[in-house]
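So the sequence shown is residues 7 to 114, counted in this note's numbering.
Ideal Cβ positions, reconstructed from N, Cα and C, are used throughout, including at glycine.
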Amino acid sequence: TDASSMVKAVMDDLFDYFQGMTLPAQVRVSMACCLNMCGAVHCSDIALLGYHRKPPIIDNEVLDQYCEIPLVIAACPTAAISPTKTEDGKKTVKIKNERCMFCGNCYT
């Protein structure tokens with residue numbers, strides 16, 4: 007799943023039920039963090055869909071320390087992310103907010 011923070015929060019509460027097998031039947035719980043739902047989350051017994059509501063905010067000071075810029079650019083399905091440089095020549099990215107579909111690929 008791409009919704010790791012949501013998965014952790016939900017499973018912290020439900021882990022005892024699944025581990026103890028105290029539920030009356032098998033239950034399939036699926037989670038997604040993108041509106042495209044490529045993993046057919048909606049076909050589960052319980053489907054949770056979380057999504058980002060805002061375009062990413064770029065911190066130029068730490069961006070190249072936390073991720074590889076070419077991978078971030080390639081991860082965007084709508085080409086909303088493009089390479090650029092800061093005033094002092096550091097590599098960074100810029101976001102075209104109108105093209106962002108809030109899928110979260112650039113976050114993960």
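- Distance check between residue 51 and each of 67, 64, 31 and 39 places 31 closest, using alpha-carbon atoms only.
- The C-beta separation of residue 112 from residue 78 comes to about 5 Å, placing the pair in contact by the 8 Å criterion.
- A residue is called buried when at least 16 other Cβ atoms come within 10 angstroms of its Cβ; residue 38 meets this threshold and is buried.
- In the DSSP assignment, residue 100 falls within the unbroken beta strand (DSSP E) covering 97 to 101.
- Per DSSP, residue 35 is one residue of the beta strand (DSSP E) stretching across 35 to 38.
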